[in-house]
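S.K.: Mind having a look at this structure? Questions to follow.
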Amino acid sequence: MWIQVRTFDGKTSKQVDGLSKLTKIEELQTKLVELFDAPLEHQRLYFRGKQLEKSHTLFDYDVGLNNIIQLMVRKAVVEPETQSTATDVTNGKADSGFASDGSDTEQTLPATVAKEEEEETERKDVPSTSGPQGAYKIGDVIDAMDLSVGAWFEAEIVKVTDKEEINNNQEDGETASGLNGTEGGISTSNTVDGREEPMEVTETKTKETDCVIYHVRFEDYDEQGIVQLTSNYLRPRARTLIAFEDVSIGDVVMANYNCDEPTERGFWYDVEVTDLKNGRTVKEVIGNIRLGPAVEPLRDCRVRFTDEIFKIERAGDVTCDPKELSASGSPIKRTTQPECDHCKDKPSRKCKYCSCHQCGGKEEPEKQIMCDECDMAYHIYCLDPPLADIPDVEEWYCPICKNDTSKVVHAGEKLKGSKKKAKMASAKSTSNRDWGKGMACQGRTKVCTIVPPNHFGTIPGIHVGQMWKFRVQVSEAGVHRPHVAGIHGRETEGAYSIVLAGGYEDDEDNGDDFTYTGSGGRDLSGNKRTAEQSCDQKLAKMNLALARNCNASLDKVNGNEAKDWRGGKPVRVVRNCKGRKHSKYAPEEGNRYDGIFKVVKYWPERGKSGFLVWRYLLRRDDPEAAPWSRAGKERVKKLGLTVEYPEGYLEAMAAKEKEKEKNNNNSESDEITEKKAKGKRKLSKGTPEGGSPSSKKVKHEISSEFKKQVKEDEENAKLWKDVLDAIKKGEKLLTAVEEAFTCICCQEVAYKPVTTPCKHNVCKSCLQRSFKADVHSCPYCRHELGKGYSMTVNTCLSKILCELFPGYEAGR
C-alpha cells in the first residue's frame, strides 16, 4: 500500500511506499523524517479534517490507497527573553529622561475618559426638551419612512438639532439617514410613469425646516435605535380612514402591502391608484407602490386590504401633539406585518416558533433563553433538567442542537471506539498477521457511473482483451463490481458478471466454452477468503442469479438446458491469472476481460469433495475476437492494450526493488534477488522512464461515419474540435467525450442533452428541476434563459452519445 503526503503549502508532495492498513501513525512519521527533513516532534499529520494521533493505525482513520495526507511542520519555538534582560531594558528606559510608564497622569487618564463617556451616554438616553424650532417639535407622534424598505412606520421625535451640528454628533452612535434629502446621494424625487414627481406629501419648503434634523425613534422597533431624518421623510401621523367608495383613480393614499407575499399583510406604503375593482365579493385597489426615493415603483399591484386605506396628512394642516390626539381618540393603531407567520402575533395563542419551543407559552419572556444554533427560545424551567437561572455563557445550545461532547474528538485526543469496526472480523482476530497490505483490502478510488450496477452486457469503452493488475481495478472499470466474490448478480434478476480464478480443480476450460461451479458450501467464518468444501451447495442467492441467465424455465432440483442458448441474458466473463495452473486460456498476469458469454445449461452433481455442487456450462457469444485467437491478439496489439496498473504502483515497485538492491551487498545475493523478482524487474525494464504501460499513448482511428455525425452537431462544433484534438494526442475517445459532455448538475454523461444558447449541454431532466425551483438560468454560466425557454433536446448529440455509451440511459 502507498499514500501521498503533501505539505500544507502544497509545494512538496511525495509518495510513501511499503505501508499497510495496520501501519501505526508513529511508524509513518518516522518515514517522513528523512523524506521531508522534519523532526518527529515538529510533525503534525491531518487527513479529512482530523489530526492523526500516535497509537492509532491508518485503518482507524480510513486512509486508503493513494489518499493524500497533509503534513504540517511546526517551527522551533524561540525561547523568550530572560527576566534579567527585561529588567535591564526597563531600567534603561526609566533613566532615559522621559516620563515613567507608571506616572499618576497616565494612570488616572483612562478612568476620567471612561467617566466622561458614561455621562455622555446617559445624556443621550434622556430625550432632549429643547432645540431648534421646525415643522415638528420634540414628543410629536408622526409617520417616518424607513429608507431601507421605503415604507412608513409610526414614530416619535425625541430630539431636534441644527444641520450644522450633525457633523459633531456622528460619534453619538445614531443612524444618520435622509440628510440633505438623500441617502448616500439618492435623490428625493419619485419616478412615476416615466416622469420625475416630488414626494409632495413629505416636503416642507421653508428655510427653517431645511436646516433642522429630527432624531426619530420607531415604535415597536426598539432595535433600530434613534434615526436622523429630515422633514422630507416625516409627516403627521395618519388618522383618517378613507372608504373604498371615496377612493378615486389618480389619488395617492397610504395602504398596506406585502411585496414578498401580496396576499399577506405587510408594511404601509404610498400607493398611486391606477384602477379600482368593485366586485360582488372582492374589492381591490390597483396601483403603483412607491418604495422610497429614486426607486422604481412596483406597478399594477393589487391591494387586498381595502378597508384600511389612510389619507396622507400634510404638515401644518393637523396636529402632531400626542395629548391632543389622545383626547380626540385618534390616531388609530395600524396593524403591520406580524413578526411570526405561525401565530400572527396573537398573545393568547401558544406558538413554539416565536415563544418557548417546548411548551409554546408566551409568559415570562425574561426566563426564556435563545439557542445560538436554531434561534429557538426555551423557558429555563421547561428544559430537562431545568435551569435555576439564565446561564452566564457566551453561547448556549438547546438539547436538539447540542453535540454530545463525549463523542467529539478534539485535536490531540484519541479516536472514540467505533461500533462498526468493533464488529469486524479483524477486530476479533487473535492473529498478529498483517492483513492490511493486500490490494483486496483497498477500497475503490473511483466508481463506474456510465452504466448502472445492474447492467447486462458490455461496458462502454471496455474492449475484449483489456487487462488489469488487480481485481479492485476491474471493479472500478465496472466490468465486475465485487472485490472478492466470483459472481455478481441479483437472485431476482440474474448474474451480470463472473470471474474465473481456478477456484475448483474439476472445472473445465476450453476457451470458447467452460464449466463453472457455483458459490457456497464452504465455511468462510472469520475473515477467510477460501476453504475446503464442507457442505452441499444450494440453488440460491448468486447461484440462483446465474441460473436465471439461462434461456430455460427455472428448476431448482434438476436444473435445465436451453434450447436457444443465445437467447439468454449475457454474462461478462473475466479470467484471472490464478486459473493459469488449470487452464492455458487464463492470462499470465492480472485479470483479463474475455467478452460476453451465455449460460447453456445448469445442473447439480457431486464434486470431487463428495458434496453437491451446481455446475454451469457457459459458451462465448461475442462479436469481438477472443483474446487468445490470432485475430484477437492482432486486435489487442492494434489497440495497444497492456496490463493497467494502479496509479503509483510501478513507482512503488521500483522503490521496493531499489531498496532490495541497496540491502544486498554481495553479487550472489543480487543474483538470487533478480531471479525472484524476474517478472517485476522485466516490467520495470520494459517500461519507459517516467511512464507506465497503461499511460502509453495510443492513436485511435475515427470512422468516417462518426465524423459525419459530429459535423451534423453544429451547436457543439467547438467542443467536438477539442475532443478530436485530444484523441489525436492519444486520449481515449470515450474519456474525451465523457469529459466534454458531462452534465454539471448530475455529474454524469448528459442524457437527452439540451444545448443552451451559451453552448452548454445539460440533461433535460436536470434543467427541468432547475426551472421548477424558479432558477431560469444556465447551470454553467448563469446566462439568463427566461421563464418561457423551450427545452429542445439536441437529437444529433443524443444519437452520438447513445452509440458511444450503449445502455447509459438505463436508470436515468
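Mapping of the sequence shown onto our numbering: residues -1 to 810, in sequence order.
The beta carbon of each residue, even a glycine, is placed where N, CA and C say it ideally should be.
1. Please state the DSSP three-state secondary structure of Met540.
2. With three or more beta-carbon pairs closer than 8 Å as the criterion, would you say the region 708 to 721 touches the region 738 to 751?
3. Quick check on Cys779: buried or exposed, where buried means 16 or more other Cβ atoms within 10 Å of its Cβ?
4. Buried or exposed: Glu311, going by 16 or more other Cβ atoms within 10 Å of its Cβ?
5. Check Val555 in the structure and name its three-state DSSP category.
6. Need the endpoints of the beta strand (DSSP E) that Cys299 sits in, please.
7. Measuring only the C-alpha atoms, how far is Met540 from Glu632?
8. Inspect the beta-carbon positions of Gly577 and Leu498 and report whether they are closer than 7 Å.
9. Within 10 Å of its beta-carbon, does Val301 have 16 or more other beta-carbons around it, so buried, or fewer, so exposed?
10. Would you mind giving the Cβ-Cβ distance between Pro625 and Arg590, rounded to the nearest angstrom? I have them listed as a contact below 8 Å.
11. I want to check one thing, is the minimum distance from the CB of Ala236 to the heavy atoms of the ligand ZN below 6 Å?
12. Reducing DSSP to helix, strand and coil, say where Trp563 ends up.
13. Is the separation between the beta-carbon of Asp138 and that of Cys318 shorter than 7 Å?
14. What residue range does the beta strand (DSSP E) around Ser495 cover?
15. Leaving out the 5 sequence neighbours to the left and right, which residues in its chain are closer than 7 Å to Gly518 when beta-carbon positions are compared?
16. Could you tell me the distance, in whole angstroms, from the CA atom of Gln105 to the CA atom of Leu413?
17. Ends of the beta strand (DSSP E) at Val283?
18. What are the start and end residues of the alpha helix (DSSP H) that includes Pro320?
19. Tell me where the alpha helix (DSSP H) around Ile23 begins and ends.
20. Quick check on the DSSP output: the alpha helix (DSSP H) that includes Ser874 runs from which residue to which?
21. Looking at C-alpha atoms only, which residue of Cys369, Asp370, Arg431, Tyr376 is the closest neighbour of Pro363?
22. Just tell me which of Met143, Thr304, Lys19 has its CA closest to the CA of Thr279.
23. Note down the Cα distance separating Ala629 from Gly557, rounded to an integer number of angstroms.
24. Note down, one range per segment and in chain order, each beta strand (DSSP E) of at least 3 residues found wholly within the region 214 to 254.
25. Once DSSP output is grouped into helix, strand and coil, what is the label at Thr685?
26. Could you tell me the distance, in whole angstroms, from the CA atom of Glu206 to the CA atom of Gly132?
27. Helix, strand or coil: how does DSSP classify Gln13 here?
28. Under 7 Å Cβ to Cβ from Asp58, same chain only, skipping five residues before and after it: list those, please.
29. Work out the CA separation of Trp394 and Ile388 for me, nearest whole Å.
30. Assuming Trp266 is part of the beta strand (DSSP E), what are its boundary residues?
31. Tell me the residue span of the beta strand (DSSP E) that contains Thr811.
32. Going by other Cβ atoms of all chains shown within 10 Å of its Cβ, with 16 needed for buried, is Thr640 buried or exposed?
33. Taking 7 Å as the CB-CB limit, is Ser551 close to chain C?
34. In this structure, what does DSSP give as the bridge partners for Val147?
35. Of the residues Thr333, Leu38, Leu296, Leu802, which one's Cα is nearest the Cα of Phe704?
M.R.: In terms of the structure at hand:
1. On the sequence shown, position 542 is the one that residue 540 refers to. Met540 falls in the helix class under three-state DSSP.
2. At 8 Å Cβ cutoff, the stretches touch.
3. In the sequence shown, counting from the first residue as 1, residue 779 sits at position 781. The residue is exposed, with fewer than 16 neighbouring Cβ atoms inside 10 Å.
4. As a first step, residue 311 must be located in the sequence shown, where it is residue number 313. Glu311 comes out buried.
5. Within the sequence shown, the letter at position 557 stands for residue 555. DSSP places Val555 in coil when its eight states are reduced to three.
6. The residue labelled residue 299 in the question sits at position 301 within the sequence shown. Its beta strand (DSSP E) spans residues 296 to 301.
7. Taking the sequence shown and counting its residues from 1, one reaches residue 540 at position 542. Taking the sequence shown and counting its residues from 1, one reaches residue 632 at position 634. Cα to Cα, the separation comes out at about 36 Å.
8. Locating residue 577 in the sequence shown gives position 579, counting from the first residue. Locating residue 498 in the sequence shown gives position 500, counting from the first residue. Closer than 7 Å, so yes.
9. Sequence index remark: in the sequence shown, residue 301 carries index 303 (1-based). Buried is the label assigned to Val301, since at least 16 other Cβ atoms lie within 10 Å of its Cβ.
10. By one-based count along the sequence shown, residue 625 stands at place 627. By one-based count along the sequence shown, residue 590 stands at place 592. The pair is a contact, with the Cβ atoms about 6 Å apart (cut-off 8 Å).
11. As for the ligand ZN, it is missing from this structure, which has no ligand bound.
12. Position 565 of the sequence shown, counted from the first residue, corresponds to residue 563. Helix at Trp563.
13. Along the sequence shown, read from residue 1 onward, the residue named residue 138 stands at position 140. Along the sequence shown, read from residue 1 onward, the residue named residue 318 stands at position 320. The answer is yes: Cβ separation under 7 Å.
14. For the purposes of this step, residue 495 is identified with residue 497 of the sequence shown, where counting begins at 1. From DSSP, the beta strand (DSSP E) with Ser495 extends over 492 to 498.
15. The residue labelled residue 518 in the question sits at position 520 within the sequence shown. Excluding residues within five positions, the ones whose Cβ falls inside 7 Å are Gln535, Lys536, Asn541.
16. What you label residue 105 is simply residue 107 of the sequence shown in a count that begins at 1. What you label residue 413 is simply residue 415 of the sequence shown in a count that begins at 1. For Gln105, the predicted model reports a pLDDT of 44, less than 50, meaning its position is unreliable and no value from the coordinates is stated.
17. Translated into the one-based positions of the sequence shown, residue 283 becomes position 285. Counting along the chain, the beta strand (DSSP E) containing Val283 begins and ends at 281 to 288.
18. Reading the sequence shown from its first residue, position 322 is the one you call residue 320. Pro320 -> alpha helix (DSSP H) spans 320 to 325.
19. Numbered from its first residue, the sequence shown carries residue 23 at position 25. 23 to 34 is the span of the alpha helix (DSSP H), which, as asked, contains Ile23.
20. Outside the shown range of the chain, which is -1 to 810, sits residue 874, and nothing can be said about it.
21. Taking the sequence shown and counting its residues from 1, the one referred to as residue 363 is at position 365. Comparing Cα positions, the closest option is Tyr376.
22. Here residue 279 refers to the residue found at position 281 when the sequence shown is read from its first residue. Comparing Cα positions, the closest option is Thr304.
23. Indexing the sequence shown from 1 puts residue 629 at position 631. Indexing the sequence shown from 1 puts residue 557 at position 559. Their Cα atoms are separated by approximately 36 Å.
24. 224 to 227, 232 to 234
25. As a working note, residue 685 is residue 687 in the sequence shown. Summary for Thr685: the model assigns pLDDT 45, below 50, so the residue's position carries little reliability; its value from the coordinates is reported in the next sentence. Coil, per DSSP.
26. By 1-based counting over the sequence shown, the position of residue 206 is 208. By 1-based counting over the sequence shown, the position of residue 132 is 134. Residue confidence is low: Glu206 scores 48 on pLDDT, short of 50, so the model does not pin down where it sits. Its coordinate-derived value is still stated next. If I take the Cα positions, the gap works out to 6 Å.
27. Walking along the sequence shown from the start, residue 13 turns up at place 15. Of the three classes helix, strand and coil, the one that applies to Gln13 here is strand, per DSSP.
28. Against the sequence shown, residue 58 aligns to sequence position 60. The residues are Leu413.
29. Within the sequence shown, numbered from 1, the residue matching residue 388 stands at position 390. Within the sequence shown, numbered from 1, the residue matching residue 394 stands at position 396. Each residue's CA atom was taken as its position, placing Ile388 and Trp394 some 10 Å apart.
30. Translated into positions along the sequence shown, residue 266 becomes position 268. Per DSSP, Trp266 belongs to the beta strand (DSSP E) from 265 to 276.
31. Here the chain covers residues -1 to 810 and nothing more, so residue 811 does not appear.
32. Against the sequence shown, residue 640 aligns to sequence position 642. Classification for Thr640: buried.
33. Here chain C cannot be found, since the structure has a single protein chain.
34. On the sequence shown, residue 147 is found 149 positions in, with the first residue counted as 1. In DSSP, Val147 forms no bridge with anything.
35. Counting from 1 along the sequence shown, the entry for residue 704 is found at position 706. The shortest C-alpha separation from Phe704 is found at Leu802.
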